[in-house]
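**Student:** Submitted below is the structure of interest, expressed as structure tokens.
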Amino acid sequence: MKLSTTANTLIVCICSLHHNMTFCDPMDPPIPEYTHLDHEQEEAGPSTTKTEEDDGPCCLVCGRVANTGHHYGVTACLGCKTFFRRVVLQKNSPKCKYKNQCRLEKSVNAKRLCRSCRYKKCLEVGMTEDALHPCRDVIGRRVRHHSVDSSPISTPPSISPQLSISKMISLCDGDHELLQTITEMDTDIRTRTARKLGVTDSEEEQIHFYSPTPDYTNVSVNHGIGPSLKVDIIYLKEWVNRIPGYPDLSARYQEHLMRRFCLRYTVIEHGLYTAQMPYHKNVWFLSDRTCLVSEFENLPEEIRRHLTPKVIREQKLLAPFTEMLIHDVADPLRKLKPDSIEIATVKTLMLLKPTCLKEVEGEYLATESDLKTVNEVRNRVIAGLYTHYIKSGMDQEQVPIRISEVLHLTGGVEVCAARALEEMHLLRVFNLSSFDQNSAEVIFGLYRDY
């Protein structure tokens with residue numbers, strides 16, 4: 074009984090196995106022998122093995138169409154070319170797990186071989202490592218190392234940083250002298266302007282700008298900006314003509330620079346004057362000891378007594394502009410406390426402004442010679458300022474910071490000067506201020522009296 078049960082079970086298993094088996098048809102082609110595949114295939118996608126109907130040369134490594142031509146000495150496709158390049162440049166040493174016995178038949182795509190056998194076939198068909206140019210390749214560039222001796226710009230190890238700085242300072246002595254000449258001229262004109270306006274000099278060395286009496290005596294509220302700028306414009310013309318390089322520029326470029334710079338000049342000068350006076354957040358001083366007021370609360374008595382209804386109306390019209398001047402120019406000057414050399418640098422850089430603007434006729438305002446002269450003077454002034462800091466004993470690491478802070482002043486001056494021109498036009502159109510012929514010519518480009 075037990076034997077019969079076992080026999081029945083065996084018959085059922087054999088039938089089930091026979092049912093699930095698949096038999097080859099005698100007419101089917103034979104199944105090709107299994108070839109192991111490389112686990113690190115270089116590219117994904119269907120094989121495009123060369124056929125007899127295809128046109129063009131075949132890749133000697135993988136047999137595919139070599140549309141990209143000749144690489145590393147043989148006809149090869151882009152995939153095999155890239156594979157060979159990576160193996161060489163990355164200095165890999167692939168090894169075959171099957172003792173270099175992978176099937177290398179023509180019907181087998183070489184891209185599906187192991188890396189070792191594929192690299193071996195690349196060498197067998199004639200690829201040469203000497204044909205590679207590592208300096209042109211991203212991979213090669215990453216691993217290059219330059220020696221100190223071979224670098225043309227490397228600093229000799231025997232030269233110390235202090236010696237390099239000393240040598241650089243000696244080379245910039247001429248630039249430093251140039252900047253000192255500009256500074257002396259700037260201070261001289263400022264002193265003469267102060268005397269012309271009736272402001273006495275101070276013997277205190279730390280006061281460089283106008284040297285006014287640092288209090289509110291003899292101060293009045295401004296009744297007209299035009300007359301207050303008259304003396305400034307007169308000395309402006311002398312100032313720009315004494316800047317090195319400016320007289321060598323073409324006439325139309327000189328006129329453009331002066332007209333553009335005139336209000337920047339007055340904004341800087343009046344900002345310096347305001348920064349020296351006792352601090353008040355609502356008052357901006359002009360060089361003739363008149364002032365503009367942005368708000369009328371908590372004013373000093375010396376200023377308040379000059380306020381009349383008419384003056385208040387005029388001051389309210391300019392109040393937003395006055396607030397901008399105080400915030401963007403006077404406050405940064407109070408905080409930075411620039412010396413006379415730094416101010417001369419800022420003014421020179423703001424005057425000598427390169428431009429590519431054209432006139433109505435289509436001609437450039439500045440010639441190539443003009444731009445060359447302007448850039449040369451600008452570079453010398455900056456080099457002179459750097460030398461000034463080093464010679465004055467400033468820490469070398471602090472020099473770039475200080476230069477950036479000084480140059481940062483130009484941003485506020487530029488904005489306020491552009492706004493000042495708009496305000497001048499407003500005052501002129503509504504006949505709220507008069508401008509003499511000289512001032513109108515420089516500020517507005519007009520040649521008649523307003």
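Position in the sequence shown counted from 1, then plus 73, gives you the numbering used here. The beta-carbon is built from N, C-alpha and C at its ideal position, and this holds for glycine as well.
1) Within 8 Å, do at least three Cβ pairs link the stretch 419-430 to the stretch 371-387?
2) Can you tell me whether H144 is helix, strand or coil according to DSSP?
3) Does the stretch 475-483 come within contact of the stretch 290-297, defined as at least 3 CB pairs closer than 8 Å?
4) Hey, is the stretch 253-260 in contact with the stretch 312-328, meaning 3+ C-beta pairs nearer than 8 Å?
5) Assuming V340 and A513 make a contact with CB atoms under 8 Å, what is their CB distance in whole Å?
6) Give me the Cα-Cα distance between S485 and V402, rounded to the nearest whole angstrom.
7) Return the bridge partner residues of L365 from the DSSP annotation.
8) Is it buried or exposed for G136, if we count other Cβ within 10 angstroms and need 16 for buried?
9) So, at 6 Å on beta carbons, what are the nonlocal neighbours of H571 in its own chain, with the 5 sequence-adjacent residues on each side left out?
10) Using C-beta distances below 7 Å, list every residue in its chain close to M397, excluding the 5 sequence neighbours before and after it, in chain order.
11) Which residue's Cα is closest to the Cα of Y462: C429, I414, F503?
12) Measuring alpha carbon to alpha carbon, tell me which residue in T418, R501, E434 is nearest V450.
13) Confirm, please, whether the CB-CB distance from Y326 to L482 is below 7 Å.
14) Would D248 and R453 be called neighbours here (beta carbons separated by less than 7 Å)?
15) Any heavy atom of the ligand ADP closer than 6 Å to the CB of K420?
16) Using the three-state DSSP reduction, which class does K408 fall into: helix, strand or coil?
17) Suppose contacts are defined by Cβ-Cβ distances below 7 Å. Is C245 in contact with T460 by that definition?
18) Quick check on R265: buried or exposed, where buried means 16 or more other Cβ atoms within 10 Å of its Cβ?
19) Whole angstroms is fine: what's the gap from K199's alpha carbon to K445's?
20) What does a CB cutoff of less than 6 Å around C150 pick up in its chain, not counting 5 residues either side in sequence?
21) In whole angstroms, what separates the C-alpha of D321 from that of H329?
22) Quick one: what's S293 bridged to in DSSP?
23) Quick check on K164: does DSSP put it in helix, strand or coil?
24) Can you give the Cα-Cα distance for C364 and L409, rounded to whole angstroms?
25) Closest to T251 by CA distance: which of I316, Y289, A204 is it?
26) Could you tell me if P427 is buried or exposed, where buried requires 16 or more neighbouring beta carbons within 10 angstroms of its beta carbon?
27) Taking 7 Å as the threshold (C-beta atoms), are V366 and Q388 in contact?
28) Looking only at its chain, what residues have a beta carbon closer than 6 Å to the beta carbon of K368, apart from the 5 residues adjacent to it on each side?
29) By the 10 Å Cβ neighbour count, where 16 or more other Cβ atoms means buried, how is G457 classified, buried or exposed?
30) Please identify the residue among S442, P300, I416, A392 whose C-alpha is closest to the C-alpha of A324.
31) If you run the structure through DSSP and keep just helix, strand and coil, what is Y352?
32) What residues match up with Y459 in a beta bridge as DSSP calls it?
33) Just mark Y171 as buried or exposed, buried being the case when its beta carbon has 16 or more other beta carbons within 10 Å.
34) What do you reckon, are the CB atoms on C187 and V134 nearer than 7 Å?
35) Per DSSP, which one or two residues make a beta bridge with Y437?
36) With DSSP as the reference, label C153 as helix, strand or coil.
**Tutor:** Taking the geometry as given:
1) no
2) strand
3) no
4) yes
5) In fact, because the Cβ distance is near 18 Å, the residues do not count as touching under 8 Å.
6) Just to set this straight, residue 485 is Gly in the shown sequence, not Ser. Straight-line Cα distance between these residues: approximately 6 Å.
7) W357
8) buried
9) Residue 571 lies beyond the residue range present for the chain, which begins at 74 and ends at 523; the question has no answer from this structure.
10) C489, R492
11) I414
12) T418
13) no
14) yes
15) Looking at this structure, you won't find the ligand ADP or any other ligand, since it has none at all.
16) helix
17) yes
18) exposed
19) What sits at residue 199 in the sequence shown is Gly, not Lys. Approximately 57 Å, taken between the alpha carbons.
20) C132, R137, A139
21) 14 Å
22) T363
23) coil
24) 22 Å
25) In the sequence as presented, Thr is not what sits at residue 251; that position holds Leu. Of the candidates I316, Y289, A204, the one whose C-alpha sits nearest the C-alpha of L251 is I316.
26) exposed
27) yes
28) Residue identity check: residue 368 is Glu in the sequence provided, not Lys. These residues qualify, in order along the chain: N355.
29) buried
30) S442
31) coil
32) In the DSSP output, where bridge partners are listed per residue, Y459 has none listed.
33) exposed
34) no
35) K431
36) helix
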